[in-house]
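Colleague:
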Amino acid sequence: MAMNEDVNKLPLRKRRGDEEERGNVRVKRDKSDVSRLESCLDQPMDSSSIHEVIKYLPSPLPAKHYDIDTTEPIICGLTSLDELLSWKRSEANPFNVAVVPLAPREPPLADSPRRTLVSHDMMGGYLDDRFVQGTHTEAPYAFYHWKYIDIFNYFTHNMVTIPPAVWTNAAHKHGVVMIGTFITEWTDGREMCESFLKDEESYRAVADKLVQISHCYGFDGWLINIENTLSEVAVKNTPLFLRYLTDQMHLRVSGSLVLWYDSVVETGRLQWQNELNQNNSMFFDACDGFFTNYNWTEQNLEWMKDFSGVKGRQADVYVGVDVFARGEVVGGKFETNKALELIRKHNFSVAIFAPGWVYEAHDDKSEFPKNQDKFWALLSDYLYVHRTSLSLPFISSFCRGFGKAIHWKGQRESERSWFNLSSQEIQPLYYHTELEGGAWLRSRGCHEDAWSGGCSLLVDGLIPATYTSPVCAKIFSLHVPLAEKTLVSVIYKPTAGISVNLELKTADASLCTHMDMQDVQLSSLSPEHLDEEHQLVKQFSQLCGNFIPSGWTVRCSQLELRGCALREVCLSIQRDGEPEDTHFGCRLGQIMLLDVSNLQVPPDLIQGLCIYDMVWFRGVGSSPESTSPGLLLNATLRWDYPLHLVRHFRVYWRRLRGPDPRIPPGQLVLVGRAHSNLYRITELMVPEPPSLLELVVEPVVRKDFPIPENHWGRRSLSYTEDST
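All residue numbers for the sequence shown refer to this note's numbering, where the first residue is 317 and numbers rise by one.
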């Protein structure tokens, strides 16, 4: 595959190594005294407090999993065969384990006649996304058009590319399969292949490690990309390696895939074919799919359609499209739709390589969302919207996993730009549609204001004077089985002069199990708003904490349906007043559906909160408010809580007691959000020793109701300075 420019560039970032620039006071450490600090399992659970004697030692944490200067968790790939074969699950990066299971979709991948794969080759990979708990960056790259694609391949030129968990979590929420990459290239690649493809024992050892890595980190398979010549023995063993790897992946990881890239032919020569043919079909026969090279013509597609080796598996052939348009290719850039038109004409699947061109090739990174929306809109005629199958409670605040600020309940909680794809919620449909009579509709993310997370969904458009009926904007296409009584809550901000209502489209749930959904009849309904004095609204408001929406409108409705599934969520917008051309906008903050019979399920308690891997620094810290050197705490928190119940966790700290008894205990201060039962606190400036502080974890449940504080996790930490 093509090598993008700027492969070795990493994003600029404040680092603890910049001592002189940041005014840090670096403490000299005894490098001979490197030991792991108190482990989670060593801490007595019958005690609410632990004690720590501060010692300024080098970080004992492995540099491949933690930034050496900040101890932040990071992710990287494996670069050698030795590194792969010596990989152990016990030494895996616990922060990079994806926690979101692969959601089912309609239709299932196996039944999709024409699929769409995205291969994410972005400036060498592991950029902002290598910080698995997120990072602060002004203009990150993110992907959010999940409805259009089936498979996401995280691609780098490391020998083994392990997808960052933030990408796997986001993909899995939307039912998209996530695969890593195993690649060998050039002379070094040939030597690796001769080593591991020399016999059955060797290739099985490599395959077993790839299976273990995928299973451990929670992603769904591999793209195998051998781009070097192979000896007669190695090429003979390659299909056997592929078949063994594929079989083992299917046994260990449900819904997994192994794909082969068009490179080597059956003689062992590196000879890209730009099609599936008799020279490379032996590899296709041994795995789940074939990813062609990019320099094909329509003649290749026509020939391949009639090739006997593809019969019955046309959907397993992914025709490659290089968005950078390198070489003699069809389309590319903002004309990539020309390639998709031909590929779909011949009923093949498509592999879109490096769609990050919309970010990488444009100097003004702030224009990235606009460029990305334009790119995918141009392809939309040749893509297929899939329905993710979800259960109640369903909630989305439209967060795309990045923003200019973090919002919570309509208030700005943090003013810093941020990026963390694990925060991405179920994404809506993004489009710009021209309607009859000059009307138009558009939906897009808006980072200027949000209810929760980084952005809201802005639906805007024009209602011509000639329109007397509402315009309808489709927000979600999904599959959610409804309860007999379902509460629907929508939070929004409309412009003046319009009325806004939800329009929901449902179907008989029993019919939705069929493969062909084209003939299933959808019923449309507009649920009536419930009055504020309605008992259900009162109960809901009380459970929500009677929050003040700060300019947002909160509307509740109740559905009473039996045996139905929600298929589409739309927004109906009508002009108020006299007929005239009306430009409108409506910012959607959150949509939620709840089972009325299950509103007050007793909340679970966070249990077993422990603190370990503590590292102490003296310096300025990473907070923008930090201006003078102080004591910095770095520590890992771990706890137990059912992850399927939560959207995320909020991690806090507060001072309980310090050297001066006249200073009262402090208020809770938010440290960050966690998306698993694990969180690394880094560069937290804390009071000088001796002192006592408390670390607190609050679960934010999917029902979005506040959890009583006596159900939160708490652990206090006392510390004194080493006097030796």
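Ideal placement from N, C-alpha and C gives every residue a C-beta, glycine not left out.
As the structure is a computational prediction, the values presented were derived from the model and not from experiment.
Taking the straight line between their C-alpha atoms, what separation do you get for Ala667 and Cys771?
Modeller: Each residue's Cα considered, the two are about 29 Å apart.
Colleague: With DSSP as the reference, please indicate the residues paired to Pro1015 in a beta bridge.
Modeller: Paired residue(s): Phe965.
Colleague: Return the CA-CA distance between Tyr995 and Cys532, expressed in angstroms with no decimal places.
Modeller: One C-alpha to the other measures close to 18 Å.
Colleague: Does the structure place the segment 859-867 close enough to the segment 776-796 that three or more beta carbon pairs sit under 8 Å?
Modeller: Contact fails: fewer than three Cβ-Cβ distances are below 8 Å.
Colleague: In terms of alpha-carbon separation, which member of Asp445, Leu658, Val492 and Arg506 lies closest to Ile465?
Modeller: Answer by Cα proximity: Val492.
Colleague: Which residues bound the alpha helix (DSSP H) around Ser944?
Modeller: Ser944 -> no alpha helix (DSSP H), and no H or E assigned at all.
Colleague: Under the assumption that Gly534 contacts Ala414 (Cβ atoms under 8 Å), give the Cβ distance between them as a whole number of angstroms.
Modeller: About 3 Å separates the two Cβ atoms, so the contact holds.
Colleague: Distance, Cα to Cα, Asp398 vs Thr545?
Modeller: Their Cα atoms are separated by approximately 21 Å.
Colleague: Could you give the residue range of the beta strand (DSSP E) that holds Phe468?
Modeller: Counting along the chain, the beta strand (DSSP E) containing Phe468 begins and ends at Ile467 to Phe471.
Colleague: Between the alpha carbons of Leu353 and His381, how many angstroms are there, rounded?
Modeller: Bear in mind that the predicted position of Leu353 carries a pLDDT of just 39, short of 50, making it unreliable; the figure below should be weighed with that in mind. Distance between the alpha carbons of Leu353 and His381 is about 17 Å.
Colleague: How many whole angstroms separate the CB atoms of Gly761 and Arg732, which I take to be in contact at a CB cut-off of 8 Å?
Modeller: Going by Cβ atoms, the distance from Gly761 to Arg732 rounds to 18 Å, so no, they are not a contact pair.
Colleague: Examine the Cβ distances between the segment 459-479 and the segment 431-441 and report whether three or more of them are shorter than 8 Å.
Modeller: Cβ pair count under 8 Å is three or more, so yes.
Colleague: Rounded to whole angstroms, what is the Cα-Cα separation between Arg421 and Gly777?
Modeller: Their backbone Cα atoms lie some 31 Å apart in a straight line.
Colleague: Ends of the beta strand (DSSP E) at Asn541?
Modeller: Asn541 -> beta strand (DSSP E) spans Gly537 to Glu543.
Colleague: Residues in its own chain within less than 6 Å of Leu949 by CB, not counting five upstream and five downstream?
Modeller: Here the set comprises Leu1000 and Val1002.
Colleague: DSSP puts Met908 in a beta bridge; with which residues?
Modeller: Its beta-bridge partners are Ile711 and Ser805.
Colleague: Checking the sheet assignment: what are the DSSP bridge partners for Val870?
Modeller: DSSP, once it has assigned bridges, lists Ile807 as partnering Val870.
Colleague: Which residues does DSSP pair with Ala990 in a beta bridge?
Modeller: DSSP, once it has assigned bridges, lists Phe965 as partnering Ala990.
Colleague: At what residues does the alpha helix (DSSP H) containing Leu617 begin and finish?
Modeller: Taken as a continuous stretch (DSSP letters only), the alpha helix (DSSP H) holding Leu617 covers Glu614 to Lys621.
Colleague: Report all residues from its chain with a CB closer than 7 Å to the CB of Gly339; omit the five preceding and five following residues, and keep chain order.
Modeller: Because the pLDDT of Gly339 is 35, which lies under 50, any placement of that residue in the model is unreliable, and the question is left without a value.
Colleague: Among Leu617, Val633, Val637 and Cys603, whose alpha-carbon lies nearest the alpha-carbon of Tyr610?
Modeller: Selected option, being the one with the closest Cα: Val637.
Colleague: Can you tell me whether Ala631 is helix, strand or coil according to DSSP?
Modeller: Here Ala631 sits in helix by DSSP.
Colleague: With a threshold of 8 Å on Cβ separation, who are the neighbours of Glu337 within its own chain once the five nearest residues in sequence on each side are excluded?
Modeller: Residue placement at Glu337 is flagged as unreliable, the pLDDT there being 36, under the threshold of 50; the coordinate-derived value follows with that caveat. Same-chain partners within the cutoff: there are none.
Colleague: List the whole-angstrom C-beta distance separating His512 from Val522, where the pair is believed to meet the contact cut-off of C-beta under 8 Å.
Modeller: At residue 512 the sequence reads Phe, which differs from the His that was named. With a Cβ gap of about 5 Å, Phe512 and Val522 count as contacting.
Colleague: Tell me, to the nearest whole angstrom, how far the beta carbon of Ala408 is from that of His488; I am working on the premise that it is less than 8 Å.
Modeller: With a Cβ gap of about 18 Å, Ala408 and His488 do not count as contacting.
Colleague: What is the rounded straight-line gap between the Cα of Ser712 and the Cα of Lys552?
Modeller: Each residue's Cα considered, the two are about 50 Å apart.
Colleague: Per DSSP, what kind of secondary structure is Asp385 in: helix, strand or coil?
Modeller: If DSSP states are grouped into helix, strand and coil, Asp385 belongs with coil.
Colleague: Taking only the alpha-carbon atoms, compute the straight-line gap between Val645 and Ala655 and give it to the nearest angstrom.
Modeller: If you take the alpha carbons of Val645 and Ala655, they lie about 8 Å apart.
Colleague: Would you be able to state if there are at least three C-beta pairs under 8 Å between the segment 913-924 and the segment 808-815?
Modeller: No, because fewer than three Cβ pairs between the segment 808-815 and the segment 913-924 fall closer than 8 Å, the two stretches do not touch.
Colleague: For Trp969, which residues of its own chain have a beta-carbon under 8 Å away from its beta-carbon, when the five flanking residues on both sides are left out?
Modeller: Leu984, Val985, Val987, Ile997, Leu1000, Val1002, Leu1009, Glu1010, Leu1011 and Val1012.
Colleague: Out of Arg585, Val581, Leu558 and Thr583, point me to the one whose CA is closest to Val574's CA.
Modeller: Minimum Cα distance to Val574 is reached at Leu558.
Colleague: Could you give the distance in angstroms between the alpha-carbon of Leu977 and the alpha-carbon of Gly719?
Modeller: The question names Leu, yet the displayed sequence has Pro at residue 977. Looking at the two C-alpha atoms, the distance is approximately 41 Å.
Colleague: So what's Asp897 in DSSP terms, helix, strand or just coil?
Modeller: Looking at Asp897 - three-state DSSP - the assignment turns out to be coil, as it is neither helix nor strand.
Colleague: Counting Cβ pairs closer than 8 Å, one from the segment 888-899 and one from the segment 794-807, do we hit at least three?
Modeller: Cβ pair count under 8 Å is below three, so no.
Colleague: According to DSSP, is His1041 part of a helix, a strand, or is it coil?
Modeller: The displayed coordinates of the chain run from 317 to 1040. Any statement about residue 1041 would go beyond what the structure contains.
Colleague: What's the C-alpha gap between Glu683 and Glu764?
Modeller: Roughly 15 Å separates the two Cα atoms.
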